[in-house]
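**Student:** Take the sequence shown: its letter number 287 is residue 285 in the working numbering, and every next letter is one higher.
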Amino acid sequence: MPHATTPRIPPLALDEMDPEQQKLAKLGADTVIQVLARAPEVMQASGALGAYLLSQGKLHPRIRELAILRVALRCDAPYEWANHAPAALGGGATESEIAALSEPDAVWPPEDDAVLRAVDELCANIFVSDETWADLAATRDHAEIIEVLFLVGYYRMMAGFLNSAGVPVKPGQPALGEPPAPVARPDQAARPASGKTEPDGKWKITFIHPAGSKDLILDLATDGTAVSGSIFDTQMKITVPIVSGTVDGREVAFTALVTDPVQFELSVAATVDGDAFTGSVTISGGGTFPLSGVREVSPSN
């Protein structure tokens, strides 16, 4: 399918956006937010449905993201693919499953196959066949089936907007049909060792968000088996308190509740090995993503 090869609507500069729009842009998918900011009422209305489908819906993140990627393939939407391929990995899909979306003869479990066939039929005929509907109903209730229909409709709409407006894929993002590239771990070379082994202190952390890498500063404190502290988002310039957490030797786990600009829960499970911090972060409704970083070392160490 054809799509614009150059931007037709210039992104609104961040300093021209209102504070809430700026926060949304820094949360992820900044380019599309900056373009949509040209029509703020449309962005607000469509964003409410998109936020629900991504963070509050009943579908498991794995099949939700595989379905979105299938829409991107059927609509030849490279930006949509580039931003959701990492989310599919985070939701539990494998690289081979992402690649198999482009293969006509790929074999899927029946419950996945029914959803992907529904995507194909809706994109081709705006209708789900009786056979595919029966297969959907065999493993999903009415609410989930309705969600599948709205998910496909929403991302077909977004594909039309993205392709027509010419929203560009950023360098380094996966090309249409390709899985994401492996995540590079932060370089720990040429750093003075702190000599510390406990998780207490500040950590420079990177994790892969569906729209790209995100840098955080963790400030952790332990008291027996409990963990407290905060997470500072260096892009959004907001601090989120840790609401609960535990530590068991080198293993730490904690939860933080983000409330601005949208509400969702972050759960981190990681291992501390000297000055290295590795693990994963789970975003409520959004999947699980790799996370790693290094301890901040003061000049005195």
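Beta carbons are placed, not taken as given, at the ideal position from N, Cα and C, and that holds for glycine.
1) Helix, strand or coil for P172, going by three-state DSSP, please let me know.
2) Should K56 and E109 be called a contact, given that it needs their Cβ atoms to be closer than 8 Å?
3) Where does N123 sit, in a helix, a strand or coil, going by DSSP?
4) For I7 and V33, which I take to be in contact (beta-carbon distance under 8 Å), what is that distance rounded to the nearest angstrom?
5) Under three-state DSSP, which class holds R293?
6) For Q233, I'd like the list of residues in its chain whose CB is within less than 6 Å of its CB, leaving aside the five on either flank, ordered along the chain.
7) Give the straight-line distance between the Cα atoms of G227 and L218, rounded to the nearest whole angstrom.
8) Going by CA-CA distance only, name the one from M156, L149, E145, A254 that's closest to C73.
9) Note down, in chain order, each residue of its chain lying with its Cβ closer than 8 Å to the Cβ of Q20, except the 5 sequence neighbours on either side.
10) When you compare only the Cα positions, how much space is there between E63 and I229?
11) Please tell me whether D271 and R248 are closer than 8 Å, where the distance is taken between their beta carbons.
12) Tell me the DSSP bridge mates of G199?
13) Using the three-state DSSP reduction, which class does L147 fall into: helix, strand or coil?
14) Quick check: the region 132 to 140 against the region 164 to 183, are there 3 or more CB pairs under 8 Å?
15) Over what stretch of residues does the beta strand (DSSP E) that includes P84 continue unbroken?
16) In the structure shown, what three-state DSSP assignment does P184 receive?
17) Return the bridge partner residues of D118 from the DSSP annotation.
18) Nearest by alpha-carbon distance to D246: which of Q54, T220, L52, D111 is it?
19) Pull up the distance between the alpha-carbon of P59 and that of E78, whole angstroms please.
20) Run the CB neighbour count on G300, radius 10 Å, all protein chains shown included, and call it buried at 16 or more, exposed below.
21) Are the beta-carbon atoms of F252 and S282 separated by less than 8 Å?
22) How long is the line joining the alpha carbons of T276 and T244, rounded to whole angstroms?
23) Cα-Cα, which of L52, E196, A267 is closest to F205?
24) Any idea if S162 is buried or exposed, counting beta-carbon neighbours within 10 angstroms, 16 or more meaning buried?
25) Given that a residue counts as buried once 16 or more other Cβ atoms are within 10 Å of its Cβ, and exposed if not, what is R36?
26) What residue does the beta strand (DSSP E) around S278 start on, and which one ends it?
27) Which of helix, strand or coil does DSSP assign to D16?
28) How is E101 classed by DSSP in three states: helix, strand or coil?
**Tutor:** Reading from the atomic positions:
1) coil
2) no
3) helix
4) 5 Å
5) strand
6) K24
7) 5 Å
8) M156
9) L12
10) 27 Å
11) yes
12) L218
13) helix
14) no
15) Per DSSP, P84 belongs to no beta strand (DSSP E); it is in the alpha helix (DSSP H), 76 to 88.
16) Bear in mind that the predicted position of P184 carries a pLDDT of just 48, short of 50, making it unreliable; the figure below should be weighed with that in mind. Correct three-state label for P184: coil.
17) For D118, which the question treats as bridged, DSSP gives no partner whatsoever.
18) T220
19) 16 Å
20) Limits of the chain in this structure are -1 at one end and 299 at the other, which puts residue 300 out of reach.
21) no
22) 16 Å
23) A267
24) exposed
25) exposed
26) 274 to 281
27) coil
28) coil
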